[in-house]
Amino acid sequence: DIVASFRLQKNVSELRGNLSKLVLDIYAEVGVPNSIVAVDLLHPLAGSNWTNVIFSIVPYPKNSTISSMGLSIIRSSFMSLVVRQSTLHLTKSMFGNSSSFEVLKFPGGITIIPPQHAFPPETLHATFNFTLNFPIYKVQDRTDELKDQMKKGLLLNSNEGMRANAAL
3 DIVASFRLQK NVSELRGNLS KLVLDIYAEV GVPNSIVAVD LLHPLAGSNW TNVIFSIVPY
63 PKNSTISSMG LSIIRSSFMS LVVRQSTLHL TKSMFGNSSS FEVLKFPGGI TIIPPQHAFP
123 PETLHATFNF TLNFPIYKVQ DRTDELKDQM KKGLLLNSNE GMRANAAL
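Residues in the sequence shown are numbered from 3 upward in steps of one, following our numbering.
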C-alpha cells in the first residue's frame, strides 16, 4: 500500500461532512488508473483548527496491483509535493489550502536527491517531436490536458521542465 498525509486548516467534523469530495479531490491529484484513494484517518491537531489527513492509495480491484507505470507516476507526484513543498489542489472553498505533505509508506521507498545547480554551459536541453493523428480542431482546446499527460508520462525530475509548442 501507499500511505501519505497532509494537513488542512479545517476541523474533523467539517471534513467528515465532505469526505467523499475530499477522496475525489485527492484522487484527481495523485490517483492512477486501477487504484482508489481511501482516507484512513482524520486526526485533530491539539489546540488548533487543523486536521492531519492520512490517506492511502490501494489497487482496485482489491486483489490486483498498481502497475509499475502507475507507481512511477505516483512517486513523481509525491516527490514534487515534497521537494517543492507544493500543495494538493483541493476544492478551496471546502478544504482551504493543504500543507505539510509527507510520504509515510511507499513500495521500495522514495529517494529524493536535492537538485544540483549546473553552470549554464552544462545545462542540457532535449528536443523531440511527436505527431497526433487527430485534426487540430479536436485537440486545440485540450492542450493543457495534453501537456499534463506528457509531464506525467515523461516522469520529469523536480529540476526539469517542459515547454510545449503546437505547430500546424
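Backbone N, C-alpha and C fix where the C-beta goes; we use that ideal spot for every residue, glycine too.
What you are looking at is a predicted structure, and each value in this text was computed from that prediction instead of being measured.
Selected residue, minimal CA-CA separation from residue i, among the options
| i | options | result |
| --- | --- | --- |
| residue 61 | 90, 37, 32, 55 | 37 |
| residue 113 | 94, 64, 96, 85 | 85 |
| residue 150 | 79, 102, 69 | 79 |
| residue 96 | 6, 19, 8, 7 | 19 |
| residue 111 | 57, 65, 77, 30 | 77 |
| residue 45 | 98, 22, 7 | 7 |
| residue 49 | 70, 154, 12, 89 | 12 |
| residue 154 | 67, 88, 81, 63 | 81 |
| residue 47 | 88, 143, 102 | 102 |
| residue 28 | 89, 135, 152, 139 | 89 |
| residue 33 | 148, 21, 57 | 57 |
Residue i burial status per 10 Å Cβ neighbour count (16 or more: buried)
| i | result |
| --- | --- |
| residue 4 | buried |
| residue 141 | exposed |
| residue 145 | exposed |
| residue 59 | buried |
| residue 83 | buried |
| residue 93 | exposed |
| residue 17 | buried |
| residue 107 | exposed |
Range of the contiguous alpha helix (DSSP H) that encloses residue i
| i | result |
| --- | --- |
| residue 31 | 21 to 32 |
| residue 158 | First-last for residue 158: undefined, no H or E at that position. |
| residue 2 | The structure shown does not extend to residue 2, since the chain is modelled only from 3 through 170, so no value can be given for it. |
| residue 47 | No alpha helix (DSSP H) holds residue 47; DSSP gives it neither H nor E. |
| residue 97 | 94 to 97 |
| residue 18 | 14 to 18 |
Beta-carbon spacing of residue i, residue j below 8 Å
| i | j | result |
| --- | --- | --- |
| residue 10 | residue 39 | no |
| residue 72 | residue 35 | yes |
| residue 26 | residue 41 | no |
| residue 53 | residue 14 | yes |
| residue 100 | residue 157 | no |
| residue 31 | residue 91 | yes |
Helix, strand or coil at residue i [DSSP, three-state]
| i | result |
| --- | --- |
| residue 113 | coil |
| residue 165 | coil |
| residue 67 | coil |
| residue 108 | coil |
Start-to-end residues for the beta strand (DSSP E) that takes in residue i
| i | result |
| --- | --- |
| residue 54 | 53 to 61 |
| residue 9 | 4 to 10 |
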